[in-house]
Amino acid sequence: MATLLRSKLSNVATSVSNKSQAKVSGMFARMGFQAATDEEAVGFAHCDDLDFEHRQGLQMDILKTEGEPCGEEGAEPPVEGDIHYQRGGGAPLPPSGSKDQAVGAGGEFGGQDKPKITAWEAGWNVTNAIQGMFVLGLPYAILHGGYLGLFLIIFAAVVCCYTGKILIACLYEENEDGEVVRVRDSYVAIANACCAPRFPTLGGRVVNVAQIIELVMTCILYVVVSGNLMYNSFPGLPVSQKSWSIIATAVLLPCAFLKNLKAVSKFSLLCTLAHFVINILVIAYCLSRARDWAWEKVKFYIDVKKFPISIGIIVFSYTSQIFLPSLEGNMQQPSEFHCMMNWTHIAACVLKGLFALVAYLTWADETKEVITDNLPGSIRAVVNIFLVAKALLSYPLPFFAAVEVLEKSLFQEGSRAFFPACYGGDGRLKSWGLTLRCALVVFTLLMAIYVPHFALLMGLTGSLTGAGLCFLLPSLFHLRLLWRKLLWHQVFFDVAIFVIGGICSVSGFVHSLEGLIEAYRTNAED
Numbered sequence: 001m002a003t004l005l006r007s008k009l010s011n012v013a014t015s016v017s018n019k020s021q022a023k024v025s026g027m028f029a030r031m032g033f034q035a036a037t038d039e040e041a042v043g044f045a046h047c048d049d050l051d052f053e054h055r056q057g058l059q060m061d062i063l064k065t066e067g068e069p070c071g072e073e074g075a076e077p078p079v080e081g082d083i084h085y086q087r088g089g090g091a092p093l094p095p096s097g098s099k100d101q102a103v104g105a106g107g108e109f110g111g112q113d114k115p116k117i118t119a120w121e122a123g124w125n126v127t128n129a130i131q132g133m134f135v136l137g138l139p140y141a142i143l144h145g146g147y148l149g150l151f152l153i154i155f156a157a158v159v160c161c162y163t164g165k166i167l168i169a170c171l172y173e174e175n176e177d178g179e180v181v182r183v184r185d186s187y188v189a190i191a192n193a194c195c196a197p198r199f200p201t202l203g204g205r206v207v208n209v210a211q212i213i214e215l216v217m218t219c220i221l222y223v224v225v226s227g228n229l230m231y232n233s234f235p236g237l238p239v240s241q242k243s244w245s246i247i248a249t250a251v252l253l254p255c256a257f258l259k260n261l262k263a264v265s266k267f268s269l270l271c272t273l274a275h276f277v278i279n280i281l282v283i284a285y286c287l288s289r290a291r292d293w294a295w296e297k298v299k300f301y302i303d304v305k306k307f308p309i310s311i312g313i314i315v316f317s318y319t320s321q322i323f324l325p326s327l328e329g330n331m332q333q334p335s336e337f338h339c340m341m342n343w344t345h346i347a348a349c350v351l352k353g354l355f356a357l358v359a360y361l362t363w364a365d366e367t368k369e370v371i372t373d374n375l376p377g378s379i380r381a382v383v384n385i386f387l388v389a390k391a392l393l394s395y396p397l398p399f400f401a402a403v404e405v406l407e408k409s410l411f412q413e414g415s416r417a418f419f420p421a422c423y424g425g426d427g428r429l430k431s432w433g434l435t436l437r438c439a440l441v442v443f444t445l446l447m448a449i450y451v452p453h454f455a456l457l458m459g460l461t462g463s464l465t466g467a468g469l470c471f472l473l474p475s476l477f478h479l480r481l482l483w484r485k486l487l488w489h490q491v492f493f494d495v496a497i498f499v500i501g502g503i504c505s506v507s508g509f510v511h512s513l514e515g516l517i518e519a520y521r522t523n524a525e526d
């Protein structure tokens, strides 16, 4: 009886193994790659076991050195390098304790000891990202696009909402039981999965470069807008815009010493509320001049040279895809993510459209790159001072995020690191690491001094990285990872978004660059 039972179990195990091998082979065949031979598979498995044991040994050494308990009943938490892909194919686990735990978000997945956020809280975070102070450049986009610019605000909201959803869909796959499980935890992990197995890290590096460019350009824009607002608030003072930018940067130098954003994050809610109040004040002033609105100025024509810049400005104002995987992983009910994305982007579309249209109707052809510069002197100074305070308090967020990406990419990958670690064994920042951070702050200042054009920089960034992270990459990844499960209309949407996004990205980048070169020549002549 025992022999018969063992025989049946052996047959079942063999059958399951053959089916799994057939699925894997079929998958690689569909991807155009040749499946590994039996000898190679055995070798890979052996290497995987050795690697796993080696990592576990390293983790035990770290635990012994730090003298921290391993958790309940001596369970060993996974090391940081293993949290993305577990043995056994399960969903990823959160790290036992990262340096900052995703800056108040509870880590990528929130962690079992971290409170999850509700759909309303997640929506508030998305609203902060897409309703920031960069909406001040939207009336300038209407100046060069007319009604087509308004349509583009609606179109960008729809597309960014859709690409945010399909990006989250790329985090999930079906297991052998047909259950949908979360197997990835970040934008970088999705990119790496799309480029595997031939180039397993190429996609992540591309995404990291795009993130760094967008984050650093955001810092530059904060310095530019601070100098611009202060210069236009106090035109009588013998201080140039460049000098105001230098003063703003001097205030921002302490950002180089940041180890976490706990202190700065306390001001985020206050800054956001202040920004909403400022928007309401601007709209209220525009409504007070409703009798003088220039409806005849809003037309269906477009400025062929400057409208692509408007596309970049509008796209940049909707960028939130970078942190959506982390946000969805920290939600109490991830199933509410789609609903949250719908109402946040609908609200953003309505508010941005009304703000841009009302402001443009008030000043028409005199609309400036930063709309608050059109306000009367008495109101402008008060509003601009609040905006400068918000810009300076917002600067540490993208700066710290850019530093984190740089450190993890170049300084914290063990033997693969390009440079030694920025932190010593006691956790203190090394002097040369501090020097690099200060150099990054100074770099944002130099860019703000030599390219002090808010709208053009915003259009350039939106066309270069905004369109890539919001339009191109999500649609490409969706097609790559979920091709066999997509319906025809989903394939059509993804391809259309990729083509339209590519055209807008290239044209916007070229025209923004031409505008910057022309502005630089004009300043040089003056």
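Residue numbers (UniProt numbering): 1 to 526.
Beta carbons are placed, not taken as given, at the ideal position from N, Cα and C, and that holds for glycine.
What you are looking at is a predicted structure, and each value in this text was computed from that prediction instead of being measured.
Distance, residue j Cα to residue i Cα
| i | j | result |
| --- | --- | --- |
| Phe300 | Ile311 | 15 angstroms |
| Thr372 | Gly227 | 13 angstroms |
| Gln86 | Val183 | Here Gln86 scores only 30 on pLDDT, less than 50, and its place in the model should not be relied on; the value that follows carries that caveat. The alpha-carbon atoms of Gln86 and Val183 are separated by roughly 9 angstroms. |
| Leu513 | His338 | 36 angstroms |
| Phe323 | Cys195 | 21 angstroms |
| Gly89 | Phe199 | With a pLDDT of only 33 at Gly89, under the threshold of 50, the placement of this residue in the model should not be trusted, and no figure is reported. |
| Ser243 | Ala496 | 46 angstroms |
| Val510 | Tyr520 | 15 angstroms |
| Glu404 | Leu479 | 30 angstroms |
| Pro139 | Arg484 | 43 angstroms |
| Asp494 | Leu152 | 18 angstroms |
| Thr163 | Ile314 | 16 angstroms |
| Ala348 | Leu237 | 37 angstroms |
| Gly145 | Pro115 | 45 angstroms |
| Met230 | Asp185 | 41 angstroms |
| Arg380 | Ser233 | 6 angstroms |
| Leu93 | Ala193 | Its pLDDT being 35, under 50, Leu93 is placed unreliably by the model, and nothing is read from it. |
| Ser409 | Glu296 | 52 angstroms |
| Ile503 | Asp292 | 37 angstroms |
| Cys170 | Ala284 | 43 angstroms |
| Val282 | Leu351 | 13 angstroms |
| Thr522 | Lys165 | 44 angstroms |
| Gly32 | Glu173 | The predicted position of Gly32 is uncertain, since its pLDDT is 37 and thus under 50; no value can be drawn from it. |
| Glu369 | Gly137 | 6 angstroms |
| Cys271 | Tyr395 | 12 angstroms |
| Pro325 | Ile190 | 10 angstroms |
| Leu287 | Pro254 | 41 angstroms |
| Cys129 | Ser320 | A small correction: the amino acid at residue 129 is Ala; Cys does not occupy that position in the sequence shown. Distance between the alpha carbons of Ala129 and Ser320 is about 6 angstroms. |
| Ile220 | Gln241 | 14 angstroms |
| Thr218 | Val491 | 33 angstroms |
| Val506 | Leu476 | 17 angstroms |
| Asn342 | His489 | 19 angstroms |
| Phe355 | Asn279 | 8 angstroms |
| Leu469 | Trp120 | 24 angstroms |
| Leu252 | Phe454 | 19 angstroms |
| Glu366 | Thr344 | 31 angstroms |
| Ala402 | Ser463 | 19 angstroms |
| Pro376 | Leu406 | 43 angstroms |
| Ile246 | Val224 | 10 angstroms |
| Leu456 | Leu473 | 23 angstroms |
| Ile449 | Thr249 | 11 angstroms |
| Leu486 | Ile500 | 20 angstroms |
Which residues DSSP lists as bridging residue i, in chain order
| i | result |
| --- | --- |
| Tyr172 | Arg182 |
| Ile117 | Met331 |
Rounded distance between the beta-carbons of residue j and residue i, thought under 8 angstroms
| i | j | result |
| --- | --- | --- |
| Gly132 | Met340 | Not quite, the Cβ-Cβ distance comes to about 18 angstroms (not below 8 angstroms), so this is no contact. |
| Ile168 | Glu336 | Ile168 to Glu336, Cβ: 12 angstroms. No contact. |
| Ile309 | Gly149 | That pair is no contact at about 11 angstroms. |
| residue 606 | Tyr360 | The displayed coordinates of the chain run from 1 to 526. Any statement about residue 606 would go beyond what the structure contains. |
| Met331 | Ile142 | Contact flag wrong, Cβ pair sits at about 35 angstroms. |
| Thr444 | Glu214 | Contact doesn't hold; Cβ gap of about 13 angstroms is too wide. |
| Tyr187 | Ala391 | About 26 angstroms; that fails the 8 angstroms criterion. |
| Val159 | Phe400 | So it is not a contact: roughly 29 angstroms between Cβ atoms. |
| Thr458 | Phe134 | The sequence given here places Met at residue 458; Thr does not occur at that position. Rounded, the Cβ-Cβ distance is 6 angstroms, consistent with contact. |
| Cys438 | Ala256 | 5 angstroms |
| Tyr147 | Val298 | 6 angstroms |
Contact test: residue i Cβ vs the ligand FAD heavy atom, cutoff 7 angstroms
| i | result |
| --- | --- |
| Phe134 | Summarising the ligand content, the structure contains no ligands, and the ligand FAD is consequently not present. |
Closer than 8 angstroms to chain D by CB, residue i
| i | result |
| --- | --- |
| Ala284 | The structure shown contains no chain D; it holds only a single protein chain. |
Legend entry - the region 432–445 in contact with the region 169–178 per 3-pair CB rule at 8 angstroms: When Cβ pairs closer than 8 angstroms are counted between the two stretches, the region 432–445 is seen not to touch the region 169–178, the count staying below three.
Inset, instruction - Just list the beta strand (DSSP E) runs in the region 125–178, keeping only unbroken ones of 3 residues or longer that don't cross its boundaries, in chain order. - result: Whole beta strand (DSSP E) segments, 3+ residues: 172–174.
Inset, instruction - Determine contact between the region 376–393 and the region 207–214, defined as no fewer than three beta-carbon pairs at a distance below 8 angstroms. - result: With a cut-off of 8 angstroms, the region 207–214 and the region 376–393 do not count as touching, because too few Cβ pairs lie within range.
Inset, instruction - Please go through the region 203–271 and give each complete alpha helix (DSSP H) segment of 4 or more residues, from N-terminal end onward. - result: Counting only runs of 4 or more, we get 241–252 and 262–265.
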